[in-house]
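This report refers to the structure that appears directly beneath it.
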Amino acid sequence: MNPKEPIQSSDETLPVRMEDVDAIVKSVGTEKHNLIHILHGIQEKYRYLPRPALRRVCQVTDITPSQINGVSTFFKQFRHEPVGKNIVKVCVGTACHVSGAMNIHESICEALEIPDERRLDDLITDAQNLFTIEKVACIGCCTLAPVIQSERDTYGPLSKTDC
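This is the structure:
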């Protein structure tokens, strides 16, 4: 395998350059205790955790696939599927939930023409890969409930007609 050759598989949208993964690993260290930092670096680069990048981590460290899987699936902030250009987080924490968060979520899904059968998922990307809607446990703005967050901007309180 040539580490400079991009690997493209059917489950990803961007080619993974092994030299980029190697640089991420080198910048934080190859030890097992650096796994979360490695995963953060990969996700920052690709916006999710592409399988070829995770395989490369196993090749250049002593970290096993089961360790990567255990950590990356335990922490909800790690994504295993490609996301849209814009990520919209819909808070579904207690305050937002009782204030109508699911109505907000439904309204956004309708606007993006998300099929009904996909609307129960926690992470949904529209057909054009422009928007990913992500349900999150709490954004930390309970006094503004219900809220959404797009990139670093938080909006609330919202009503169904605002979306």
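Per this note's numbering, the sequence shown starts with residue 1227, numbered consecutively. From the three backbone atoms N, C-alpha and C, an ideal C-beta is built for every residue, glycine too.
- Contiguous alpha helix (DSSP H) elements confined to the segment 1283-1370 occur at 1291-1300, 1320-1324 and 1327-1337, taking only those with 4 or more residues.
- In this structure, the CA atom of Val1318 is about 25 Å from the CA atom of Gly1296.
- With 16 or more other CB atoms across the displayed protein chains lying within 10 angstroms of its CB, Phe1357 is buried.
- Ala1327 is the residue among Asp1288, Ala1327, Gly1366 and Leu1349 whose C-alpha sits nearest the C-alpha of Asp1388.
- Look at Val1373 here: in three-state DSSP terms it is coil, with no helix or strand label.
- Taking a contact as a CB-CB distance under 8 Å, the pair Asp1348 and Lys1361 counts as one, their CB atoms being some 5 Å apart.
- Secondary-structure assignment with DSSP links Tyr1272 through no beta bridge to anything.
- Where Asp1388 is concerned, there is no enclosing alpha helix (DSSP H), because DSSP gives it neither an H nor an E.
- Counting along the chain, no alpha helix (DSSP H) covers Glu1257, and no H or E run does either.
- Taking all protein chains in view, the Cβ of Gly1310 is crowded by 16 or more other Cβ atoms within 10 Å, so the residue is classified as buried.
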